[in-house]
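Residue numbers (the working numbering), protein chains in the order written: chain F, 1 to 237; chain R, 1001 to 1237. By construction, the Cβ of each residue, glycine as well, lies at the ideal position given by its N, Cα and C atoms. Remember, predicted model here, so these are calculated numbers, not experimental data. The block underneath contains the structure these notes are about, expressed in structure tokens.
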DNA sequence: CGGACTGTTGAGAGATATCAATAAGCGTGG
DNA sequence: CCACGCTTATTGATATCTCTCAACAGTCCG
């Protein structure tokens, strides 16, 4: 995903190169935008934004990954997204409501590029292609949420299959024995992503392992011998 | 929501006036866009788009309302949205994937304005403010879906409260006894919206009625004496 | 007025949450 | 490098909730 920049005068701080939404801009344009960007750095466990905070800038992840989550009224932590290099958040808050609808926490060391509300809006008017990219990405997020909603409201098994597919796609590496998923977080995190109890996830995973559909290599890695069978569980059409 | 157009030469077919995403354009610009629009009409029960269909245009609702839903792998119908006058759909399919991720069915007589993929994209480049409006609206939809997901994955009571609030906001009229909601669809429809069994909804509604929190006037109207108490049920923070 | 669809209510089955106990991993400091 | 303690994960037993099946009531429409 990271685009190597070999142009003169461009150091690794020019994170804009990594960001898909700016990919249509040429180097000169990026250089113009550069001074508008503020850089931030966080360590694992830091909270970047609290739900309810006022946000005045869009945040683009330059390095590392974060989780975005809501604290529900029954005391759970519902994870909505895992964002990593090149992803952005805070865009909902650039127009009407300026209050963040979720908290964001660093899952590892994270570097961000922050672009103020005003600057970002100005960019959208100057470079319509940025808007188009954003609309595209928001459309993808919407599709994903719609899927999660329609799958997840009832059937837990489907939802587990679905999340395994998502993880395989984002964090999987091919191996001779199948696909190895490097999980972005612990079992508890996965349970919070799925909105189920930690214990239930444990049971389901044990069951899947007994059936040979997954193999738990360690707490952060899972081997999937046959992705097709997982897709069946997910009820993929 | 409907904007009265009193300019000369503008008949009621100039639906663009009703559409928030075009609200920043002046009359001359709208007139230019007008020839690009194709009009369609549907009657109650008509399916406007089937999940899986190839979509090549964005659809803006000029009159009436529709439901957008997915058929889940376990045979349910999961309703995702109710769109009405001024709302649009099909925008996810204008870039990458051209296949509709949901079906859309008319809940009553519906008139639409259809704008082709190519024309729509051209508009976005010509009028950046349209993109900004769309990003804003997509942000709202995302927030709503995130809410539905975090509320709904587990707690059914919260979800019922939440949907009552949504309905009160969209379809409610103030009355001396409280807020009267004119439901967009049947109990079965509401159950499909919530992703629960029809019978469960019945029971929950009976319970709420016993507690005096709602009053079922008839199958299409509900009275809410105290919205605050419903908000409590929704677990609103 | 009758039929079909929609809504309500009851009883039992199935699934997941919760509580509790045990086991396994992880980091820290000796 | 190992031992200790703390956190995370697994497994078991029970409780709670929602679904499903079934019967009945109500409503809409021809």
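Asked: Proximal residues to residue 168(F) (C-beta, below 8 Å), its chain only, five neighbours per side dropped; Found: 179, 181, 224, 227, 230
Asked: Minimum length 4: unbroken alpha helix (DSSP H) runs contained in the stretch 147-213 of chain F; Found: 156-171, 187-194, 198-210
Asked: Segments of 4+ residues assigned as alpha helix (DSSP H) that fall wholly inside the stretch 1105-1134 of chain R; Found: 1117-1126
Asked: Residue environment, residue 26(F), which counts as buried when at least 16 other CB atoms sit within 10 Å; Found: exposed
Asked: Proximal residues of chain F, C-beta to C-beta of residue 1074(R) below 9 Å; Found: 154, 155, 158, 235
Asked: Distance, residue 40(F) Cα to residue 1051(R) Cα; Found: 43 Å
Asked: Within-8 Å CB hit, residue 164(F) to chain R; Found: no
Asked: Top-ranked residue by Cα proximity to residue 217(F), from 183(F), 145(F), 235(F); Found: 183(F)
Asked: Same chain, Cβ closer than 8 Å to residue 1221(R), neighbours up to 5 away in sequence not counted; Found: 1180, 1181, 1182, 1183
Asked: Residue 1047(R) - partner residues in DSSP beta bridges; Found: 1105(R)
Asked: Where the alpha helix (DSSP H) through residue 1055(R) begins and ends; Found: Element bounds for residue 1055(R): n/a, residue is neither H nor E.
Asked: Own chain residues within Cβ distance below 6 Å of residue 161(F), not counting five before or after; Found: 230, 233, 234
Asked: Three-state secondary structure (DSSP) of residue 95(F); Found: coil
Asked: Among 1130(R), 1139(R), 1072(R), 1121(R), the one whose alpha carbon lies nearest that of residue 1024(R); Found: 1130(R)
Asked: Exposure of residue 1001(R), with buried meaning 16 or more beta-carbon neighbours within 10 Å; Found: Reliability fails at residue 1001(R), whose pLDDT of 42 lies under 50, so the model's placement of it is uncertain and no value is given.
Asked: Residues that DSSP places opposite residue 249(F) in a beta bridge; Found: This structure cannot settle anything about residue 249(F), because the visible part of chain F is limited to 1 through 237.
Asked: Residue 143(F), DSSP secondary structure in three states; Found: helix
Asked: Status (buried if at least 16 other CB within 10 Å, exposed otherwise) for residue 1009(R); Found: Note that residue 1009(R) scores 47 on pLDDT, short of 50, meaning its location in the model is unreliable and no value can be drawn from it.
Asked: Paired residues, beta bridge with residue 221(F) - DSSP; Found: 182(F), 218(F)
Asked: CB contact below 8 Å: residue 95(F) versus chain R; Found: yes
Asked: Residue range of the alpha helix (DSSP H) that includes residue 27(F); Found: 27-33
Asked: Chain F contacts made by the stretch 1129-1146 of chain R, where a contact means CB separation under 8 Å; Found: 1129, 1131, 1132, 1134, 1135, 1136, 1138, 1139, 1140, 1141, 1142, 1143, 1145, 1146
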